[in-house]
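Accompanying notes for the structure given below.
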Amino acid sequence: MCHCAALLGKDGMMTDRYILDKSVRINDAVRASYDELTAKTFGFTFEEWYRQGFWTDKNVPYALRDGTKVISNVSVNPMDILWNGEMRRYVQLGTVMTDPEYRGRGLARILISEILKDWRDRCDAMFLFANDSVLDFYPRFGFIRESTYQFRRPVIPNPGGMRKLDMECGADRELLRSCYLKSNPFSQLTVVNNFELLMFYSISFMKNCIFYLKKFDAVIIAEYEDTVMACYDIFCDPHQELDAILSASAKEDTAFADLGFSPVSVGTCVPTEEKGDTLFLLKGKENIWKGRQLTFPHLFHT
1 MCHCAALLGK DGMMTDRYIL DKSVRINDAV RASYDELTAK TFGFTFEEWY
51 RQGFWTDKNV PYALRDGTKV ISNVSVNPMD ILWNGEMRRY VQLGTVMTDP
101 EYRGRGLARI LISEILKDWR DRCDAMFLFA NDSVLDFYPR FGFIRESTYQ
151 FRRPVIPNPG GMRKLDMECG ADRELLRSCY LKSNPFSQLT VVNNFELLMF
201 YSISFMKNCI FYLKKFDAVI IAEYEDTVMA CYDIFCDPHQ ELDAILSASA
251 KEDTAFADLG FSPVSVGTCV PTEEKGDTLF LLKGKENIWK GRQLTFPHLF
301 HT
């Protein structure tokens, strides 16, 4: 779907006309331009994700084009969220970018206004993560800031039986899928029905960090640095024990695990306020972060 977007200059007169495009994924030329801007802005592209069939309508770019050139974008990511056993429909905004040559023209404002018109009444909550340079921008649209928390848990290493999965191997991908469908039983807040987004990370940034533990029939996605294991997610049956999986996944010198999700039972976890990108939620919609120490699953940021 495309239509023209009118931009007003300081004197209120129309100065430019660009094309508002909501069908980036299915147009090869436009998608290539979108990837060029993504690479210039963030240092990666979506083409491999698209080529392997994982880019679906669960990620919808709202892009402004100058001809076939994508000059600004905000993407809509509808998500099924399981929160304390209840299903929710959330919308996460991401891939917010504008070509440097076109900044200062109110392009992001046009896109966010269009998204609010289309999606405000179709979700339980709308949210995004923003860096420090734009913290004053999103409140203009009714978004409010909330804190998120990292949970660090002590680990007693008992390594063994862990195998790295090869994301170029069909059988290993299917193993990841089957475990993902079991969800993360240790997390208060999980993203379900979105294997596609998990695969965005699994075939790129996290492809060397995905491990299978046969004893637990579990997949853990983790990185290791010094004595800390960054445990981004775990997928397994609900009868398993978190401490046992963390111990089996640890290296000999691992002392702590930083969880990329909000544990059901805090137990020995030490929560600390997360640094980096700031969470914004649309005022007037559901806000489960208010008054709670939570994080959004790290592998489902967009």
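Its first residue numbered 1, the sequence shown is counted upward by one per residue in UniProt numbering.
C-beta: ideal position from N, C-alpha, C; glycine also.
Quiz prompt | Spatially closest choice to Asp144 from Asp80, Glu286, His301, Thr302, by CA coordinates | solution = On the sequence shown, position 144 is the one that residue 144 refers to. Here residue 144 turns out to be Ile, not Asp, going by the sequence shown. For the residues Asp80, Glu286, His301, Thr302, the minimum Cα distance to Ile144 belongs to Glu286.
Quiz item: Cα-Cα, which of Asp28, Arg88, Phe280 is closest to Pro139?
Solution: In the sequence shown, residue 139 corresponds to position 139, counting from 1. Of the candidates Asp28, Arg88, Phe280, the one whose C-alpha sits nearest the C-alpha of Pro139 is Phe280.
Quiz item: Do you know whose CA, among Val76, Leu37, Gly43, lies nearest Ser23's CA?
Solution: As a working mapping, residue 23 is identified with position 23 in the sequence shown. The shortest Cα separation from Ser23 among Val76, Leu37, Gly43 belongs to Val76.
Quiz item: Using the beta-carbon count (16 or more within 10 Å), is Ile26 buried or exposed?
Solution: In the sequence shown, residue 26 corresponds to position 26, counting from 1. Looking at its Cβ environment, which holds fewer than 16 other Cβ atoms inside 10 Å, Ile26 is exposed.
Practice problem: Measure the alpha-carbon distance for Phe195 versus Arg177 and round it to whole angstroms. | Solution: The sequence position of residue 195 within the sequence shown is 195, counting from 1. The sequence position of residue 177 within the sequence shown is 177, counting from 1. So the two alpha carbons sit approximately 7 Å from each other.
Exercise. With a threshold of 16 other CB atoms inside 10 Å of the CB of Leu135, please say whether the residue is buried or exposed.
Key: Numbered from 1 along the sequence shown, position 135 holds the residue referred to as residue 135. Exposed, by the Cβ-count rule.
Quiz prompt | Between the CA atoms of Met167 and Gly291 - distance to the nearest angstrom | solution = Taking the first residue of the sequence shown as 1, we reach residue 291 at position 291. Taking the first residue of the sequence shown as 1, we reach residue 167 at position 167. For Gly291 and Met167, the distance between alpha carbons rounds to 39 Å.
Self-check item: Euclidean distance between Cα positions of Leu116 and Lys283
Solution: As a first step, residue 116 is located in the sequence shown; it is residue number 116 there, counting from the start. As a first step, residue 283 is located in the sequence shown; it is residue number 283 there, counting from the start. Between Leu116 and Lys283, the C-alpha separation is close to 12 Å.
Quiz item: Just how far apart, CA to CA, sit Asp11 and Cys236?
Solution: As a working note, residue 11 is residue 11 in the sequence shown. As a working note, residue 236 is residue 236 in the sequence shown. For Asp11, the pLDDT reaches just 31, beneath the cut-off of 50, and the residue's location in the model is therefore unreliable, leaving the point undetermined.
Quiz item: Mapping DSSP to helix, strand and coil, what is Gly94?
Solution: Residue numbering aside, residue 94 sits at position 94 when the sequence shown is read from its first letter. Note: Gly94 maps to strand in three-state DSSP.
Quiz item: Counting Cβ pairs closer than 8 Å, one from the segment 204-224 and one from the segment 158-175, do we hit at least three?
Solution: yes
Exercise. State the start and end residues of the unbroken beta strand (DSSP E) segment that holds Glu225.
Key: Stepping through the sequence shown from its first residue, residue 225 is reached at position 225. Start and end: 218-225.
Quiz item: When the Cβ atoms of the segment 61-74 are set against those of the segment 111-127, are three or more pairs found closer than 8 Å?
Solution: yes
Self-check item: Rounded Cβ spacing between Ile81 and Thr98 (contact assumed at less than 8 Å)
Solution: Taking the sequence shown and counting its residues from 1, the one referred to as residue 81 is at position 81. Taking the sequence shown and counting its residues from 1, the one referred to as residue 98 is at position 98. With 8 Å as the limit, Ile81 and Thr98 do not qualify as a contact, their Cβ atoms being about 29 Å apart.
Quiz item: DSSP state of Ile110, grouped into three classes?
Solution: Stepping through the sequence shown from its first residue, residue 110 is reached at position 110. Three-state result, Ile110: helix.
Quiz item: Which first and last residues belong to the alpha helix (DSSP H) in which Leu294 is found?
Solution: As a first step, residue 294 is located in the sequence shown; it is residue number 294 there, counting from the start. Counting along the chain, Leu294 falls outside any alpha helix (DSSP H), and DSSP gives it neither H nor E.
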